[in-house]
Amino acid sequence: NAGVTQTPKFRVLKTGQSMTLLCAQDMNHEYMYWYRQDPGMGLRLIHYSVGEGTTAKGEVPDGYNVSRLKKQNFLLGLESAAPSQTSVYFCASRSDSNSPLHFGNGTRLTVT
Amino acid sequence: GDSVTQMEGPVTLSEEACLTINCTYTATGYPSLFWYVQYPGEGLQLLLKATKADDKGSNKGFEATYRKETTSFHLEKGSVQVSDSAVYFCALITGNTPLVFGKGTRLSVIA
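Chains as they are written, first to last, in the numbering used here: chain A, 29 to 140; chain B, 611 to 721.
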């Protein structure tokens, strides 16, 4: 029972490099979310999706792009990484608007 | 917009002490309220929830009551253990909007 799986777990990038974070869920959930967690800031929503083929901006979307080509996957892309994007990134999913979120274990990204 | 305010930490308690972490909210409509817990190196896990006024959520000895009159959802436990050391997040949702989180409260329990 995998739940929500994030890859990679850790990554170090140089400023200007690009990368994609992958989130996969095996619970057939409609809704998927990307958050970033920074000290003293709690969790801030980057982008989210309410179903396959849909995406929407959250609180802090600048510098990130997302895609939801398949229901089970939600990709977060950084086209040109900046040190301000150093953070821990969490993916989450849920089945409907009244259900609790299921979280992955996070990706720790450092941009130097 | 909707928001959640929770007490700042860190909170340090001795084992078997009583715990209260305050959480208040501002929301349009009638939100559902949640407490999530994050253990070191892990993602967040749902601890408990309440979906309407006067509901009490409970799990693992933790409780929280949805108080509409004071717009609060304080987390309580009568006797904490070292294994309760974690970061606790209060959150709300209204309708189809994404979950709104508080900034988290770090709890350390010492033996």
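Just so you know, even glycine gets a beta-carbon here, dropped at the ideal spot from N, CA and C. Quantities reported herein were computed from a predicted structural model and do not represent experimental measurements.
Query raised in the report: Which residues mark the beginning and the end of the beta strand (DSSP E) in which Asn-126 (chain A) is found?
Result: As a first step, residue 126 (chain A) is located in the first sequence; it is residue number 98 there, counting from the start. It is not in any beta strand (DSSP E) - Asn-126 (chain A) carries neither H nor E in the DSSP assignment.
Query raised in the report: In three-state DSSP terms, what is Ala-642 (chain B)?
Result: Position 32 of the second sequence, counted from the start, is the residue given in the question as residue 642 (chain B). Checking the sequence, you will find Ser at residue 642 (chain B) rather than Ala. Ser-642 (chain B) falls in the strand class under three-state DSSP.
Requested in this report: Would you identify the three-state DSSP class for Ser-112 (chain A), choosing helix, strand or coil?
Outcome: Taking the first sequence and counting its residues from 1, one reaches residue 112 (chain A) at position 84. If DSSP states are grouped into helix, strand and coil, Ser-112 (chain A) belongs with the helices.
Query raised in the report: Which value, in whole angstroms, describes the spacing of the CA atoms of Glu-652 (chain B) and Tyr-640 (chain B)?
Result: Translated into positions along the second sequence, residue 652 (chain B) becomes position 42. Translated into positions along the second sequence, residue 640 (chain B) becomes position 30. Rounded to whole angstroms, Glu-652 (chain B) to Tyr-640 (chain B) spans 30 angstroms at the Cα level.
Query raised in the report: Among A:Asp-124, A:Pro-128, A:Ala-110, which has the Cα closest to the Cα of Leu-41 (chain A)?
Result: What you label residue 41 (chain A) is simply residue 13 of the first sequence in a count that begins at 1. Comparing Cα-Cα distances from Leu-41 (chain A) to each of A:Asp-124, A:Pro-128, A:Ala-110, the minimum goes to A:Ala-110.
Requested in this report: Would you be able to state if there are at least three C-beta pairs under 8 angstroms between the segment 683-691 of chain B and the segment 99-108 of chain A?
Outcome: Note that the segment 99-108 of chain A does not touch the segment 683-691 of chain B; fewer than 3 beta-carbon pairs, one per stretch, sit closer than 8 angstroms.
Query raised in the report: The beta strand (DSSP E) with His-75 (chain A) in it runs from where to where?
Result: On the first sequence, position 47 is the one that residue 75 (chain A) refers to. Element bounds for His-75 (chain A): 70-77.
**Report entry** Cutoff 8 angstroms: Glu-652 (chain B) Cβ touching any chain A Cβ
**Finding:** Translated into the one-based positions of the second sequence, residue 652 (chain B) becomes position 42. At least one chain A Cβ lies under 8 angstroms of Glu-652 (chain B).
Query - Boundaries of the beta strand (DSSP E) in which Leu-658 (chain B) is found, first to last residue - result: Reading the second sequence from its first residue, position 48 is the one you call residue 658 (chain B). Segment 654-660, the beta strand (DSSP E) holding Leu-658 (chain B).
Query raised in the report: Nearest to Gly-79 (chain A) by alpha carbon, out of A:Glu-107, A:His-57, A:Gly-31, A:Lys-37?
Result: For the purposes of this step, residue 79 (chain A) is taken as the residue at position 51 of the first sequence. Minimum Cα distance to Gly-79 (chain A) is reached at A:His-57.
Requested in this report: Return yes when the Cβ of Tyr-676 (chain B) is within less than 8 angstroms of the Cβ of Asp-665 (chain B), no when it is not.
Outcome: By one-based count along the second sequence, residue 665 (chain B) stands at place 55. By one-based count along the second sequence, residue 676 (chain B) stands at place 66. Yes. Within cutoff.
Query raised in the report: In three-state terms, what does DSSP make of Val-690 (chain B)?
Result: In the second sequence, the residue the question calls residue 690 (chain B) occupies position 80. Secondary structure of Val-690 (chain B) (DSSP, three-state): coil.
**Report entry** Thr-707 (chain B) versus Leu-623 (chain B): straight-line alpha-carbon distance, rounded
**Finding:** As a position in the second sequence, residue 707 (chain B) is number 97, starting the count at 1. As a position in the second sequence, residue 623 (chain B) is number 13, starting the count at 1. Each residue's Cα considered, the two are about 35 angstroms apart.
Query raised in the report: Are the CB atoms of Gln-45 (chain A) and Val-116 (chain A) nearer to each other than 8 angstroms?
Result: The sequence position of residue 45 (chain A) within the first sequence is 17, counting from 1. The sequence position of residue 116 (chain A) within the first sequence is 88, counting from 1. No Cβ-Cβ contact shorter than 8 angstroms links Gln-45 (chain A) with Val-116 (chain A).
Query raised in the report: Mind pulling the chain A residues with CB within less than 7 angstroms of Phe-644 (chain B)?
Result: In the second sequence, residue 644 (chain B) corresponds to position 34, counting from 1. In chain order: Pro-128.
Report task. Reducing DSSP to helix, strand and coil, say where Tyr-649 (chain B) ends up. Result -> The residue you call residue 649 (chain B) lines up with position 39 of the second sequence. The answer is coil: DSSP assigns Tyr-649 (chain B) none of H, G, I, E or B.
**Report entry** Spatial distance of Ser-95 (chain A) from Ile-720 (chain B) (CA atoms)
**Finding:** One-based indexing of the first sequence puts residue 95 (chain A) at position 67. One-based indexing of the second sequence puts residue 720 (chain B) at position 110. If you take the alpha carbons of Ser-95 (chain A) and Ile-720 (chain B), they lie about 44 angstroms apart.
Query raised in the report: Of all Cβ atoms in chain B, is any one closer than 8 angstroms to the Cβ of Asn-133 (chain A)?
Result: The sequence position of residue 133 (chain A) within the first sequence is 105, counting from 1. Taking Cβ atoms only, chain B reaches closer than 8 angstroms to Asn-133 (chain A), which makes this a yes.
Query - Cutoff 8 angstroms: Met-60 (chain A) Cβ touching any chain B Cβ - result: Position 32 of the first sequence, counted from the start, is the residue given in the question as residue 60 (chain A). Not a single C-beta of chain B is nearer than 8 angstroms to the C-beta of Met-60 (chain A).
Query raised in the report: Taking Cβ-Cβ distances shorter than 9 angstroms, what residues in chain A pair up with Lys-713 (chain B)?
Result: Taking the second sequence and counting its residues from 1, the one referred to as residue 713 (chain B) is at position 103. Within 9 angstroms Cβ-Cβ: Gly-68, Met-69, Gly-70, Leu-71.
Requested in this report: Pull up the distance between the alpha-carbon of Val-621 (chain B) and that of Ala-84 (chain A), whole angstroms please.
Outcome: Translated into the one-based positions of the second sequence, residue 621 (chain B) becomes position 11. Translated into the one-based positions of the first sequence, residue 84 (chain A) becomes position 56. The straight-line gap separating the alpha-carbon atoms of Val-621 (chain B) and Ala-84 (chain A) is approximately 36 angstroms.
Report task. Evaluate Leu-643 (chain B) with the Cβ neighbour count: other Cβ atoms within 10 Å of its Cβ, from every protein chain shown; 16 or more gives buried, anything less gives exposed. Result -> Residue mapping note: residue 643 (chain B) aligns to position 33 of the second sequence, counting from 1. A buried status is given to Leu-643 (chain B), since no fewer than 16 other beta-carbon atoms sit within 10 Å of its beta-carbon.
Report task. Select from the segment 85-104 of chain A all residues with a C-beta closer than 8 angstroms to any C-beta belonging to chain B, and list them in chain order. Result -> Listed in sequence order: Gly-86.
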